[in-house]
Amino acid sequence: MSLYDSLRTTLKPGDWLTLLLGTFCVALITLRLWNGELADRAIIRSGGKVFREVPLSRDQQIEVPGPLGTSIITIEKRKARITSDPSPRQYCVRQGWLQQSGEIAICLPNEVSVELTGSTKKYDSLNY
Amino acid sequence: MTASTIKLDTTAEDHHIAKMAAVALGLTVLENAIPSPLPGVKPGLANIVTLIVLARFGWRAAAWVSLLRVLAGSLLFGNFLAPGFFLSLSGALCSLAVLAASMHLPQRWFGPVTHSILAAFAHIAGQMAVVYLWLIPHSGIAYLIPIFATAALVFGTVNGLVAARFMDNGGKPEPEKQA
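Same order as they appear, the protein sequences are chains P and H. Numbering of the first sequence is given in the numbering used here, commencing with residue 1 and proceeding in unit increments. Numbering of the second sequence is given in the numbering used here, commencing with residue 1001 and proceeding in unit increments.
Here it is as structure tokens:
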């Protein structure tokens, strides 16, 4: 009995369907989770205007003024994050490190944001 | 004076469950000897036993075998109530939940391989949920999901095939060589 025959007798049509759907889902998940390209620039905005645009290659700390106070943005090892911010709920700080192109951390109360971009700008729900 | 003994009345089903759980436990021990590239990626051979018990004796027996295996396995490896134990437990509970639903799929179309694949995905989903909610609450673990999902698909399929072959050969001993 060859492997093919054995597979044909053991697997029912629904099994093939499950196998096919499973493979499809795994492929889809892999593409979605791994396809994010690494970013190489960070765009820092304050009050809706671009405050600075910096490369991720140089480690540095940037202080950005906003209506509530100063937000501190750290760039380290090709990643960026908002290290401290005067906003009450600290959502942007807790978001942690940003690494992939298209990722963005926004401190709404202080009107400061960091967005990472790669060589090609990808569309996301913030574009229209 | 002799110490009083406690006698538990056991049924044939209890004995059978214990036997199957012991087989599953043996496979777990065996499997632990296999080196793994990433913690968490392992074949889950014991689930072959769960699948066979599910097909032959129903969900209740399968749940007993699966949970006894998790409990006894953790005692054996000394990680009872340690994170590893809760990972095994959450995986086992999730796959049992999915098996409870998937066993009602029409048997004409869906066999053990389907059950095995679905249970493997549920297993890894339950474990990732515990990892994320309790152990590593960081979205970075999302990068590992493709690896775990691929492993679940492959090992789920293989385990399902093995279980299916065992069940085929059930009544008739060695059907291939006899002819």
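No residue lacks a Cβ here, since even glycine has one placed at the ideal position from N, Cα and C.
Sheet register partners of residue i (DSSP bridge)
i: P/Gln61; result: P/Thr74
i: P/Arg52; result: P/Ile44
i: P/Glu103; result: P/Glu103 is not bridged to any residue.
i: P/Leu38; result: P/Gln100
Three-state secondary structure (DSSP) of residue i
i: P/Ser6; result: helix
i: H/Lys1007; result: coil
i: H/Gln1178; result: Reliability fails at H/Gln1178, whose pLDDT of 38 lies under 50, so the model's placement of it is uncertain and no value is given.
i: P/Glu111; result: coil
i: P/Thr83; result: strand
i: H/Leu1081; result: coil
i: P/Leu68; result: coil
i: P/Leu117; result: It should be pointed out that residue 117 of chain P corresponds to Thr in this sequence rather than to Leu. Residue state, collapsed to three classes: strand.
i: H/Ala1002; result: First, the amino acid is wrong: residue 1002 of chain H is Thr here, not Ala. Coil, per DSSP.
i: P/Gln90; result: coil
i: P/Trp16; result: helix
i: H/Arg1069; result: helix
i: H/Leu1045; result: coil
i: H/Gly994; result: The structure shown has nothing for residue 994 of chain H, since chain H only spans 1001 to 1179.
i: H/Pro1112; result: helix
i: H/Gly1040; result: coil
i: H/Asp1168; result: helix
i: H/Met1103; result: coil
i: H/Pro1146; result: helix
i: P/Leu11; result: coil
i: H/Ala1097; result: helix
i: H/Gln1127; result: helix
i: H/Ile1034; result: coil
i: P/Gly22; result: helix
i: H/Gly1058; result: coil
Residue nearest to residue i in terms of C-alpha spacing, selected from the options
i: P/Trp154; options: H/Phe1110, H/Ser1139 and H/Thr1028; result: This structure cannot speak to residue 154 of chain P, because chain P is shown only from 1 to 128.
i: H/Met1020; options: H/Ala1149, H/Val1098 and H/Leu1045; result: H/Leu1045
i: H/Ala1012; options: H/Pro1035, H/Leu1081 and H/Ala1061; result: H/Ala1061
i: H/Gly1126; options: H/Ala1092, H/Phe1057, H/Asn1032 and H/Pro1043; result: H/Ala1092
i: H/Thr1050; options: H/Leu1087, H/Gly1073, H/Ala1024 and H/Ser1036; result: H/Ala1024
i: H/Ala1142; options: P/Ile82, P/Leu31 and P/Leu108; result: P/Leu31
i: P/Pro88; options: P/Ser101, P/Arg78, P/Leu68 and P/Gln99; result: P/Leu68
i: H/Phe1086; options: H/Phe1148, H/Asn1032, H/Ala1152 and H/Trp1134; result: H/Trp1134
i: H/Ala1152; options: P/Phe51, P/Ala80, P/Gly22 and P/Lys49; result: P/Gly22
i: H/Phe1166; options: H/Leu1099, H/Phe1080 and H/Ala1055; result: H/Ala1055
i: H/Pro988; options: P/Ile43, P/Ala27 and P/Thr74; result: Beyond the ends of chain H as shown, which are 1001 and 1179, falls residue 988 of chain H; an answer cannot be given.
i: P/Pro55; options: P/Leu20, P/Ser84, P/Ile82 and P/Ala39; result: P/Ala39
Cutoff 9 Å: residue i Cβ touching any chain P Cβ
i: H/Ser1139; result: yes
i: H/Gly1160; result: yes
i: H/Val1113; result: yes
i: H/Leu1051; result: no
i: H/Phe1077; result: no
i: H/Arg1165; result: yes
i: H/Trp1134; result: no
i: H/Pro1106; result: yes
i: H/Leu1118; result: yes
i: H/Phe1121; result: yes
i: H/Ala1125; result: no
i: H/Ile1145; result: yes
i: H/Glu1174; result: Note on H/Glu1174: pLDDT 44, under 50, position unreliable in the model; the coordinate value appears next. It does not; no Cβ of chain P falls within 9 Å.
i: H/Ala1129; result: no
Closer than 9 Å to chain H by CB, residue i
i: P/Gly102; result: no
i: P/Gly96; result: yes
i: P/Leu38; result: no
i: P/Ile29; result: yes
i: P/Leu56; result: no
i: P/Leu116; result: no
Cutoff 9 Å: residue i Cβ touching any chain C Cβ
i: H/Phe1155; result: The question asks about chain C, but that chain is absent: this structure's protein chains are P and H.
Exercise. Give, in chain order, every residue of the stretch 9 to 27 of chain P whose Cβ lies closer than 7 Å to some Cβ of chain H.
Key: Thr10, Leu11, Lys12, Pro13, Gly14, Asp15, Thr18, Leu19, Gly22, Thr23 and Val26
Quiz prompt | Contact list for the stretch 65 to 82 of chain P against chain H, Cβ threshold 8 Å | solution = none
Practice problem: Select from the stretch 1038 to 1062 of chain H all residues with a C-beta closer than 7 Å to any C-beta belonging to chain P, and list them in chain order. | Solution: For the stretch 1038 to 1062 of chain H, the set of residues with a beta-carbon nearer than 7 Å to any beta-carbon of chain P is empty.
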